[in-house]
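Comments concern the structure below.
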Amino acid sequence: MIRFLTFVVFAVLMVVPAFANCDAGEKQLVLGLADNDSKSAQRLAADQLKLLLDRDLQGKACLQVVSDQKKFADAQVFDSLKKGAAVLALPKLSTLANVVREYRIFALPFAFANFQSVAKFQASPEWLAVQPKLSSSGVQPLGFVHGGFDQLVQRKQVLNPENAIGVRFDTTGGGGFSDIVSGVKGISKRRNNKSIAQGLADGDFDIAPVTWADLSDPKLREALNSVVETNHAYRGFQLVVSSAWLESLEAALRTEIFQTVQRGLNQIAFETIRRERSARNSLMRANKPVLALSRDQWLRWRSSVSRVWTQYSNAHGLALIAALQNANRLP
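In this note's numbering, each residue's number is its place in the sequence shown (first place is 1) plus 89.
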């Protein structure tokens, strides 16, 4: 197994003056983030990318990471890039779906069985044909960053979707999870300002969606009966660059920056997968049951939300859905 060194940078996130941390003569790249959490997938990816770029492009270019929730949240990110507040950004895929509707495919419930399926779909000709549509917003895509998958914590063990009828689900987060609950004929419940751990402990609901990172909470570990590894929702981001800024670079430097960024994104993908596996293994070492769905069970859960998939294919055609299904096929 290839192992990559994990770099953790502890810093107060703030907007900094131009050319901070850059040597004289270096071209500055500013990466804008909306997320202020030093442990978020976006920030960890940005910090690792900075370390790689600063090292490999020393004397030529450097990366400065800044955070500003007003400038880089949701649709504002595109205006901020156009105005020069940054040249790079790492928006959520859901943000990009507001500009290019085909991106909604990443929000489909049970879209991807695992990270390998995500990578295969993102590299498919059908998806690559969608990427140029981002140019209308003045940006070009450089690559994807994994955020992770959602799982299910349970008080009442449910592995088969047929057994979820009448089971109470925490749908506070809404979105695609509400579609899952509706598809399996479960009952939607909201937490009313309680934490997931408290709602589960109080018996307000039987099942709730969580990330592996959420499961580091001791109170949540204490409240749950088991975790079912469903990978029912994918969280991801895309690194985008200002088209105008990219085109202003000399060809040689543009190529070198692009190649370095690609190496960085590959390393970040490995590190994200390692981090998810580590969190899963930590839970198992704490003697908390982690149950994996069989291939048949996973496909039956996906069939329960076929209505949502059909709505997407009706809006955007069958080609992308076919590519997604192909990405999920076993070798």
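Glycine included, C-beta positions come from ideal geometry on N, C-alpha and C.
Identified DSSP bridge partners for residue i
i: C151; result: Q117
i: V317; result: L241, L380
i: G325; result: H235
i: T300; result: D239
i: K181; result: F326
i: R257; result: I276
i: L140; result: Paired residues: none, contrary to the question.
i: S156; result: L122
Rounded distance between the beta-carbons of residue j and residue i, thought under 8 Å
i: F425; j: G325; result: Examination of residue 425 is not possible in this model, given that the chain is present from 90 through 420 alone.
i: L309; j: A333; result: That pair is no contact at about 46 Å.
i: A202; j: V242; result: With 8 Å as the limit, A202 and V242 do not qualify as a contact, their Cβ atoms being about 20 Å apart.
i: A186; j: G265; result: A186 to G265, Cβ: 12 Å. No contact.
i: L289; j: A312; result: 4 Å
i: V166; j: V189; result: With 8 Å as the limit, V166 and V189 do not qualify as a contact, their Cβ atoms being about 14 Å apart.
i: I357; j: A134; result: 5 Å
Cutoff 7 Å; reference residue i; Cβ partners in own chain excluding five residues on either side
i: A200; result: I194, Y323, L413
i: S213; result: A412, A416
i: P106; result: Residue placement at P106 cannot be trusted, given a pLDDT of 37 that sits under 50; the coordinates are not used to answer.
i: G406; result: none
i: A247; result: First, the amino acid is wrong: residue 247 is Val here, not Ala. Only A253, V256, I296 meet the Cβ criterion.
Close Cβ partners of residue i (< 6 Å) along its chain, the five nearest in sequence each way excluded
i: A408; result: E215
i: R85; result: Any property of residue 85 remains undetermined from this structure, which presents the chain solely from 90 to 420.
i: L138; result: G353
i: S402; result: I410
i: D163; result: T184
i: M373; result: V379
i: S315; result: Q243, Q246, P378, L380
Distance cut-off 7 Å: residue i Cβ against heavy atoms of the ligand HEM
i: G275; result: This structure does not include the ligand HEM; it has no bound ligands of any sort.
Close beta carbons around residue i, own chain, < 8 Å, minus the five adjacent residues each side
i: A375; result: R310
i: V104; result: Only weak support is given to the placement of V104: the predicted model assigns it a pLDDT of 37, under 50, and the question is left unresolved by the model.
i: D432; result: In this structure the chain extends from 90 to 420, so residue 432 is not present and cannot be described.
Subject >> Cβ contact (3+ pairs, closer than 8 Å) linking the stretch 118-126 and the stretch 209-229 >> reply: As far as the Cβ criterion goes, the stretch 118-126 does not touch the stretch 209-229, which means the pair count is below three.
Subject >> In chain order, each alpha helix (DSSP H) run of at least 4 residues that lies wholly inside the stretch 180-234 >> reply: If only uninterrupted alpha helix (DSSP H) runs of at least 4 residues are considered, those enclosed by the stretch 180-234 are 182-186, 204-211, 214-217.
Original post:
Any contact of the stretch 380-398 with the stretch 171-185, i.e. 3+ C-beta pairs under 8 Å?
Top reply: Touching, no.
Subject >> Contained beta strand (DSSP E) runs [length at least 3] in the stretch 328-381, N- to C-terminal order >> reply: Correct list: 379-381.
Original post:
Can you find at least 3 beta carbon pairs, one from the stretch 146-165 and one from the stretch 119-135, that sit closer than 8 Å?
Top reply: Yes: the two stretches touch, three or more of their Cβ pairs being nearer than 8 Å.
Original post:
On the three-pair Cβ rule with 8 Å, is the stretch 345-365 touching the stretch 235-253?
Top reply: Yes: the two stretches touch, three or more of their Cβ pairs being nearer than 8 Å.
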